[in-house]
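Read through the structure below, which is laid out as structure tokens, and then see the notes.
Protein chains: 2
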Amino acid sequence: MTTLPLSGRRAQAARNDSVILDAAREVFIADPSAPIAAVAHKAGVGISALYRRYPSKEELLAKLCLDGLLLYVELAEEANAALDAGADPAETFETFMVRVVDADTHSLTQKLAGTFEPTEEHTTNAIRAGELNKRLVESLHAARVVRPDLELADLGQLFEMIAAIRFGDDERRGQLRRRYLGLLMAGLFQPDATPLPGPPPYAGEFANRWAKAT
Amino acid sequence: MTTLPLSGRRAQAARNDSVILDAAREVFIADPSAPIAAVAHKAGVGISALYRRYPSKEELLAKLCLDGLLLYVELAEEANAALDAGADPAETFETFMVRVVDADTHSLTQKLAGTFEPTEEHTTNAIRAGELNKRLVESLHAARVVRPDLELADLGQLFEMIAAIRFGDDERRGQLRRRYLGLLMAGLFQPDATPLPGPPPYAGEFANRWAKAT
DNA sequence: CAGGACTGGAACGGATCGTTCCGCTCTGCT
DNA sequence: AGCAGAGCGGAACGATCCGTTCCAGTCCTG
């Protein structure tokens with residue numbers, strides 16, 4: 015086997031790895047119940063190329079979802095690290111939110127959840143994400159930059175609301191999402207606001223999503 | 015035929031009319047692609063009872079959607095009338111938003127759109143709704159109670175974001191929706207806010223929804 | 001008491017989709 | 001040079017699902 019600069023068939027195969035993942039991400043974000051054939055078509059490969067890499071549709075979905083989760087955890091860790099390093103809380107929070115929205119991690123996690131049996135790695139990282147969210151929200155309250163009734167569980171719901179904006183074009187969708195993220199942030203950055211009505215989601219309500227639909 | 019207090023079979027049939035519509039609304043709001051049999055089951059009737067009333071699934075969906083649209087138009091007319099009568103703009107707007115969210119008209123319209131061929135009545139009322147929205151937003155700007163960059167087309171998108179909150183229980187969902195509606199309103203009631211990034215949806219982007227999926 | 005309105009639900013036919021399988025190509029090693 | 005097999009495209013298969021039709025039974029109503 016030659017070293018890094020792969021050639022011929024092997025190179026093509028290696029390239030297909032990422033082409034397939036990209037296509038799958040795009041297709042399943044647009045429609046979580048899309049057929050496998052749609053992914054193959056979008057990737058410009060045959061169905062075999064998919065089944066050579068993933069033993070079943072479910073495993074492909076699990077992989078995509080895990081990727082999204084890991085990305086979210088990474089962004090959350092960055093935000094917490096920045097805060098620990100003394101960065102401006104409001105600015106750090108805003109940057110974090112924009113990054114998460116742009117990366118569209120929630121289309122990959124919440125919307126794909128329930129389509130596969132979660133692995134231990136999913137669970138571990140979901141818990142980790144929860145912890146990071148908790149630290150983040152606590153820091154924001156300590157700095158008094160957000161409304162006092164913002165709770166940990168609100169974060170997920172906010173991202174989900176934004177992910178519900180699904181207009182055709184990729185770029186257009188990003189524009190719109192930033193617009194309404196801006197509106198939500200305008201509501202959040204009010205340390206002296208009167209409390210919102212009703213409680214936020216409970217932890218269990220979110221966890222339910224992960225149970226595979228029967 | 016006897017007069018109002020129907021008896022026996024006829025009464026049962028009349029009652030079934032509304033039982034079926036209620037069941038259909040509930041089922042299709044929860045899952046717009048639910049099978050007809052699910053509606054029959056939820057309503058506690060057989061499939062025949064459905065097909066006796068609607069010649070096809072599509073017509074049932076069209077009916078539900080039209081009902082939602084009419085309800086929305088009614089609420090929008092009320093709001094405009096209140097403003098014309100000199101009611102407090104902010105309060106009227108808030109009441110309008112809460113009513114629309116509680117009635118969940120957007121699960122009936124936007125989410126069901128595309129599942130049937132729209133009739134002329136759908137089109138007419140959709141246009142009417144747009145006009146009412148326009149007047150409403152203009153009044154709010156004239157009274158300077160909302161952020162200046164709030165546009166007509168934002169309204170629909172906001173409702174859709176809220177409709178994306180879909181936790182199990184009916185009551186629970188209502189609670190959560192009010193919570194996040196409150197947050198959005200906190201962002202809206204800022205006459206001196208700096209403008210949001212990016213343009214709102216174009217009219218055409220919304221209209222696309224109504225085209226029946228091939 | 002007979003006709004028929006109304007109904008429940010089985011049965012049908014078409015569509016969809018995950019997965020398997022076969023035959024082909026072209027590579028990388030001997 | 002030649003061959004074993006990795007990698008692939010896509011047809012075919014089998015299962016499932018679902019809208020609609022149909023029939024046999026019930027029970028008003030005239």
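Protein chains in written order, with my numbering: chain A, 15 to 228; chain B, 15 to 228.
Don't be surprised by glycine CBs; every beta carbon is placed ideally from N, CA and C.
Handout entry: Listed by chain order, chain B residues near A/Q204 by CB distance under 8 Å
Key = For the purposes of this step, residue 204 of chain A is taken as the residue at position 190 of the first sequence. Under the 8 Å cutoff, chain B gives A200.
Practice task
Measure from the C-beta of B/F107 to each C-beta in chain A and report whether the shortest distance is under 9 Å.
Solution key: As a first step, residue 107 of chain B is located in the second sequence; it is residue number 93 there, counting from the start. Answer no: the Cβ-Cβ gap between B/F107 and chain A never drops below 9 Å.
Problem - chain B contact for A/A221 (CB, 9 Å cutoff) - result: Taking the first residue of the first sequence as 1, we reach residue 221 of chain A at position 207. Taking Cβ atoms only, chain B never reaches closer than 9 Å to A/A221, which makes this a no.
Exercise for the section: Can you give me the Cβ contacts of A/V53 inside the same chain, cut-off strictly under 6 Å, excluding the 5 residues immediately before and after it? Expected result: By 1-based counting over the first sequence, the position of residue 53 of chain A is 39. Counting only Cβ-Cβ distances below 6 Å, and skipping sequence neighbours, we find A37, A38 and V41.
Exercise for the section: Could you tell me the distance, in whole angstroms, from the CA atom of A/P49 to the CA atom of A/K71? Expected result: By one-based count along the first sequence, residue 49 of chain A stands at place 35. By one-based count along the first sequence, residue 71 of chain A stands at place 57. About 9 Å.
Handout entry: Neighbouring residues, chain B, relative to A/A178 (Cβ below 7 Å)
Key = Counted from its first residue, the first sequence places residue 178 of chain A at position 164. Under the 7 Å cutoff, chain B gives E174, M175 and A178.
Practice task
For A/L190, decide whether its Cβ has a neighbour in chain B, counting only Cβ atoms nearer than 9 Å.
Solution key: What you label residue 190 of chain A is simply residue 176 of the first sequence in a count that begins at 1. Answer yes: the Cβ-Cβ gap between A/L190 and chain B drops below 9 Å somewhere.
Exercise for the section: State the Cα-Cα distance for the pair A/T137 and A/R186, rounded to the nearest angstrom. Expected result: For the purposes of this step, residue 137 of chain A is identified with residue 123 of the first sequence, where counting begins at 1. For the purposes of this step, residue 186 of chain A is identified with residue 172 of the first sequence, where counting begins at 1. Each residue's Cα considered, the two are about 33 Å apart.
Practice task
Would you kindly report the start and end of the unbroken alpha helix (DSSP H) that includes B/I176?
Solution key: The sequence position of residue 176 of chain B within the second sequence is 162, counting from 1. Element bounds for B/I176: L166 to A177.
Handout entry: For B/S62, three-class secondary structure by DSSP
Key = In the second sequence, the residue the question calls residue 62 of chain B occupies position 48. Note: B/S62 maps to helix in three-state DSSP.
Practice task
Please say whether B/L210 and B/L150 have beta carbons closer to each other than 9 Å?
Solution key: Along the second sequence, read from residue 1 onward, the residue named residue 150 of chain B stands at position 136. Along the second sequence, read from residue 1 onward, the residue named residue 210 of chain B stands at position 196. Cβ distance not < 9 Å, so B/L150 and B/L210 don't count as in contact.
Exercise for the section: Mind checking the segment 81–111 of chain B against chain A and listing, in chain order, the residues whose C-beta falls within less than 8 Å of any C-beta there? Expected result: none
Practice task
Would you kindly work out how many angstroms separate the C-alpha atoms of B/T16 and B/D31, rounded to a whole number?
Solution key: On the second sequence, position 2 is the one that residue 16 of chain B refers to. On the second sequence, position 17 is the one that residue 31 of chain B refers to. Low confidence applies to B/T16: its pLDDT is 32, below 50, so where it sits in the model is not reliable, and the reading given next is rough at best. Approximately 18 Å, taken between the alpha carbons.
Exercise for the section: Give the range of the alpha helix (DSSP H) segment to which B/F110 is assigned. Expected result: Your numbering for residue 110 of chain B matches position 96 in the second sequence. Looking at the DSSP string, the run of the alpha helix (DSSP H) that includes B/F110 is P103 to A117.
Problem - B/A207: contacting residues in chain A (beta-carbon distance under 8 Å) - result: Counted from its first residue, the second sequence places residue 207 of chain B at position 193. Within 8 Å Cβ-Cβ: A200.
Exercise for the section: With a threshold of 16 other CB atoms inside 10 Å of the CB of A/D183, please say whether the residue is buried or exposed. Expected result: To locate residue 183 of chain A, count along the first sequence from 1; it is residue 169. Exposed is the call here.
Problem - Amino acids of chain A, ordered along the chain, whose beta-carbon sits closer than 7 Å to that of B/R193 - result: The residue you call residue 193 of chain B lines up with position 179 of the second sequence. Per Cβ cutoff of 7 Å: L210, P211, G212 and P214.
Practice task
Give a yes or no on whether the C-beta atoms belonging to B/P229 and B/Q171 are separated by under 9 Å.
Solution key: Residue 229 of chain B is absent from the model: chain B starts at 15 and stops at 228.
Problem - Limits of the unbroken alpha helix (DSSP H) element including B/D183 - result: Start at 1 with the first residue of the second sequence, and residue 183 of chain B comes out as number 169. From DSSP, B/D183 is part of no alpha helix (DSSP H); its letter is neither H nor E.
Exercise for the section: Starting from B/Q171, find everything on chain A with Cβ-Cβ shorter than 8 Å and list it in chain order. Expected result: Mapped onto the second sequence, residue 171 of chain B falls at position 157. Result: I179, L190 and Y194.
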